[in-house]
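Engineer: For reference, the structure I am asking about is given below.
Protein chains: 2
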Amino acid sequence: MDLNRKNHLDARAKVLKAMAHPTRLFIIEELAQEERYVCDLTDMIGADISTVSKHLSVLKQAGIVIDDKRGNQVFYRLRVPCILNFFGCVESVLESQAKAHSAILECPTR
Amino acid sequence: MDLNRKNHLDARAKVLKAMAHPTRLFIIEELAQEERYVCDLTDMIGADISTVSKHLSVLKQAGIVIDDKRGNQVFYRLRVPCILNFFGCVESVLESQAKAHSAILECPTR
DNA sequence: TCAGTGCTTGGCAATATAGCCAAATAGCCA
DNA sequence: TGGCTATTTGGCTATATTGCCAAGCACTGA
């Protein structure tokens, strides 16, 4: 396989991997509504604050969110607002699982 | 967090997780062109056939591909052809990493 | 029925991830 | 300065993932 292509696949896989966790998807959805600071998210998620902080750091590393320190709070927001457009097709996959096992599906029109 | 929402996040995370590997992204791209059988893909990827078979099984479990046995070959194809639409936004994330670190980006028009 | 091809599964070692607690850091305000 | 709040980092254990080899299974064709 072409090295250039390999690098590209690696880069895309990293972004997807960062998104591929329920807590991080939750964070992405919330940040799509409005920016939040860490304690905010921690209350909603109900995990240890250090756990939430680490999830945020994964998302930041992947370039999905950016942080903004104000006083002693750190606010996070989406760096790429379209990130949720993403899910039209994920939803199709999920619907397909609920349906007949061999069908090839139409794509959603968005 | 609402249990219903949690289940939904779990389900979406599973699909993303299945996609979040360079070899599996490669397979998805190839299958977007045309169906392939396992040896085909193995040659292109250059890993052990058992490794490729396991990647295919991950994609199948996630509902992303379906298999079709003909003779003693197994052909795979995408179950949800739109899966590649997915990447417009992933590309934005990648471009954003190449650019100024704090910018909020426009979404691609597709 | 037997050998050969194509694919999957089991088992293993190496590596990565998740989540908690405790400790460290940074900024605020008295 | 000292104490407080908000957040990150280090360290740990439990668990999951990856990729190889070897073994097994399914189909084909002589």
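Sequence lines, in order, name chains A and B.
Per my numbering, the very first residue in the first sequence carries number 305; after that it's consecutive.
Per my numbering, the very first residue in the second sequence carries number 305; after that it's consecutive.
Cβ atoms here follow ideal geometry from the backbone N, Cα and C, with glycine treated the same way.
#1: Look at the alpha carbon of residue 414(B) and the alpha carbon of residue 380(A), and state the distance between them as a whole number of angstroms.
#2: Just checking, does the region 331-342 of chain A make contact with the region 322-337 of chain B on the three C-beta pairs under 8 Å criterion?
#3: Starting from the Cα of residue 360(B), find the closest Cα among 343(B), 375(B), 309(B) and give me that residue.
#4: Quick check: what's the CA-CA separation for residue 375(B) versus residue 348(B)?
#5: Considering residue 390(A), what are the terminal residues of the alpha helix (DSSP H) in which it resides?
#6: Could you tell me whether the Cβ atoms of residue 320(B) and residue 366(A) are closer together than 7 Å?
#7: Please compile the residues from chain B whose C-beta is within a distance smaller than 9 Å of the C-beta of residue 360(A).
#8: Which whole-angstrom value is the C-beta distance of residue 356(B) and residue 322(B), which I expect to be below 8 Å?
#9: Here's the rule: buried if 16 or more other CB atoms are within 10 angstroms of the residue's CB, otherwise exposed. What is residue 353(B)?
Structural biologist: Quick look at the numbers:
#1: With a pLDDT of only 42 at residue 414(B), under the threshold of 50, the placement of this residue in the model should not be trusted; the figure read from the coordinates follows. Computed Cα separation, rounded: 27 Å.
#2: no
#3: 343(B)
#4: 22 Å
#5: Counting along the chain, residue 390(A) falls outside any alpha helix (DSSP H), and DSSP gives it neither H nor E.
#6: no
#7: Chain B residues near residue 360(A): none, gap ~16 Å exceeds 9 Å.
#8: That pair is no contact at about 15 Å.
#9: exposed
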